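Asker:
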Amino acid sequence: MEQFRTLLPSEVHFGAGKTSVLADKVAGKSVLLMSDKGVVGAGIAAKVAELLKANAASYNEFLEVPPEPREDEVTAVAGSLSGMEVDIIVAVGGGSVMDMAKMVAVMLNGGAAIEDMFDGKLPTVRKSLLATIPTTAGTGAEATPNAIIFRPAHNLKVGIVCDLFIPDLVILDPELLLKLPAPITASTGLDALCHALECYISNKANPLSDMLAVEATSLIFKSLKKCYAEGSDIKARADMLLASFYAGICIASAGTNIVHALSYPLGGRYRIAHGVSNAILLAPGFACNKDCCEEKLAAIYHLTGDKGEGLSVAEKADKFVEYLAQLSKDLGIPATLPELGVPPEDLDSIVDAAFEVKRLLNNNPKPLTKDDIRKVYLSIF
Ligand SMILES: NC(=O)c1ccc[n+]([C@@H]2O[C@H](COP(=O)([O-])OP(=O)(O)OC[C@H]3O[C@@H](n4cnc5c(N)ncnc54)[C@H](O)[C@@H]3O)[C@@H](O)[C@H]2O)c1
Ligand SMILES: [Fe+2]
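Going by this note's numbering, the letters in the sequence shown line up with residues -12 to 368, in that order.
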């Protein structure tokens, strides 16, 4: 019988305006708001800060979380905040802010050391509560036990997986996404699609992840282009927030694979935004995997809007991959790596780095050789 283990956030609120539930949640508590410049610029952090100041026993803020944080930045931020009394951390932002908040939550005030976590010695205590409010849709980090950190010495992004990273409170409020710029809407939305589809074909796919991955894919096909074309479409934004949350739950038990494994070296070395480096690899990764998951891809082909009458399983799988390539194109994702500043002479070292991302490659339905990986990258050089 199939087996799986997963963890879920204990309290989730979904709906326009639901950020207001924070008022009760922080009453009588010392609160630390974490966010970043883009979220501050969109006027979101100030609104949340106002709510927190009016209701919490004490209020502190750190609004300068760097994009896609590095190991040394995490250490510096946790160090600078130590000594502060914090009952609850409220993280308002995309994956960068949520991942930083997860790390700070376990490192603060004599907590875990980051080197130990990279060595697999995970903390067993988190002294503060953790609330996450995603403003991209997105990483699904609000539902995962992961924090993704760039390690400059290794030139690679590394995922730390720890049960304590599952938040206590999640608020999915589509009002916060109405001003998310179109290019970020596109790349983060395609990241969510990668999560859903990679989990759907993962070696660790299970009944729960399959159900949520299919629903997430359906919502993304329905609403991502709408959000890209008209950012203020709140129904479409709500669909995307739900989809990225569902896909995050999938990650927790099924795990990403080919796309994220090959994306990690790009994000690390060339500082290509996570969503972009995944989006460019989505169709090529699935083209590589296709012969190992034709049945599964054919089974969801109808989500593209075409019933596929008269098509064979192989034809449906082919056309599904073509649909992914067209979707990325329609959403303005570059088609080649040199457009993103990756020089062709780096190919060998990128292949070597991707081959080391065993945590994710082990989830891939097709055992990948270095030659397979090279072919995928070559198709976008
Ligand atoms: N922990 C996980 O499970 C997980 C999963 C996938 C990715 N990640 C990590 O998450 C990071 C990427 O997160 P992301 O894709 O959400 O991007 P991000 O958090 O880096 O945000 C991208 C940009 O959008 C801005 N922004 C965010 N919300 C906004 C809004 N509502 N309005 C206007 N601007 C807004 C930010 O300020 C930033 O400039 C990467 O480091 C990636 O590795 C983590
Ligand atoms: Fe991702």
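All C-beta atoms in this analysis are idealised placements derived from N, C-alpha and C, irrespective of residue type, glycine included.
Owing to the predicted nature of the structure, the values given are computational and were not obtained by experimental measurement.
1) Looking at ligand 1, does it come within less than 7 Å of P54, judged from the CB to the closest heavy atom?
2) With a threshold of 16 other CB atoms inside 10 Å of the CB of R224, please say whether the residue is buried or exposed.
3) Could you compute how far the alpha carbon of I75 sits from the alpha carbon of S17?
4) Per DSSP, what kind of secondary structure is N133 in: helix, strand or coil?
5) Could you give the distance in angstroms between the alpha-carbon of D86 and the alpha-carbon of I136?
6) Smallest Cα separation from L290: which of R361, L206, V84, R57?
7) Near L165, what residues of its chain come up, given a Cβ to Cβ distance below 7 Å and the 5 sequence neighbours on each side ignored?
8) So T243 and C181 are supposed to be a Cβ contact under 8 Å. How far apart are they, rounded?
9) Alpha carbons only, please: which of K114, L249, C237 is nearest the one belonging to R339?
10) Between K144 and ligand 1, is there a pair consisting of the residue's CB and a ligand heavy atom that are separated by less than 7 Å?
11) Apart from the five residues on each side of it in sequence, which residues of its chain come closer than 6 Å, Cβ to Cβ, to I441?
12) As an exercise, report each continuous alpha helix (DSSP H) stretch of at least 4 residues that is fully enclosed by the segment 91 to 133, in chain order.
13) Please report the residue range of the alpha helix (DSSP H) in which N351 lies.
14) Can you tell me which of the three DSSP states R(-8) falls into?
15) For K16, which three-state DSSP category applies?
16) Mapping DSSP to helix, strand and coil, what is K144?
17) Exposed or buried, F(-9), counting other C-beta atoms within 10 Å across all chains shown (16 or more means buried)?
18) Taking only the alpha-carbon atoms, compute the straight-line gap between L9 and L211 and give it to the nearest angstrom.
19) Which of the three DSSP states, helix, strand or coil, is assigned to G80?
20) Cα separation between L184 and A304?
21) Extract the residue ranges of the alpha helix (DSSP H) inside the segment 236 to 271, only unbroken runs of 4 or more that lie entirely within it.
22) As a quick exercise: from M71, P154, L348, pick the residue whose alpha carbon is nearest that of C186.
23) Cβ of H141 versus every heavy atom of ligand 2: is any distance shorter than 7 Å?
24) Please tell me whether L143 and K114 are closer than 8 Å, where the distance is taken between their beta carbons.
25) Given 8 Å as the limit, is there contact between the segment 40 to 47 and the segment 97 to 104, that is, 3 or more CB pairs closer than that?
26) By alpha-carbon positions, which one of M104, E296, G255, D160 ends up nearest to A230?
27) In angstroms with no decimal places, state the Cα-to-Cα distance between Y364 and K213.
28) What is the chain-ordered set of residues for which the beta carbon lies under 7 Å from any non-hydrogen atom of ligand 2?
29) Just reading off the beta strand (DSSP E) that F49 is part of, what are its end residues?
30) I'd like to know whether the C-beta atoms of A124 and F152 end up nearer to each other than 8 Å.
Answerer: In short, the structure shows the following:
1) yes
2) buried
3) 7 Å
4) strand
5) 8 Å
6) Out of R361, L206, V84, R57, L206 has the C-alpha closest to the C-alpha of L290.
7) G218, S219, I221, R224
8) 7 Å
9) Note on identity: in this sequence residue 339 is Asp, with Arg being the wrong assignment. Residue L249 is the option with its Cα nearest to D339.
10) yes
11) A question about residue 441 goes unanswered here, because the residues of the chain that appear run from -12 up to 368.
12) 101 to 105
13) It is not in any alpha helix (DSSP H) - N351 carries neither H nor E in the DSSP assignment.
14) Residue state, collapsed to three classes: coil.
15) coil
16) Correct three-state label for K144: strand.
17) Its Cβ having fewer than 16 others within 10 Å, F(-9) is exposed.
18) 28 Å
19) strand
20) 13 Å
21) 245 to 257
22) Nearest C-alpha to C186: L348.
23) no
24) Contact: no.
25) no
26) Taking only the C-alpha atoms, the option nearest A230 is D160.
27) If you take the alpha carbons of Y364 and K213, they lie about 30 Å apart.
28) In chain order, the residues positioned with their C-beta nearer than 7 Å to some heavy atom of ligand 2 are T126, D178, C181, H182, T243, H247, H261, N265.
29) 45 to 49
30) It is not a contact, given that the beta carbons lie outside the stated cut-off.
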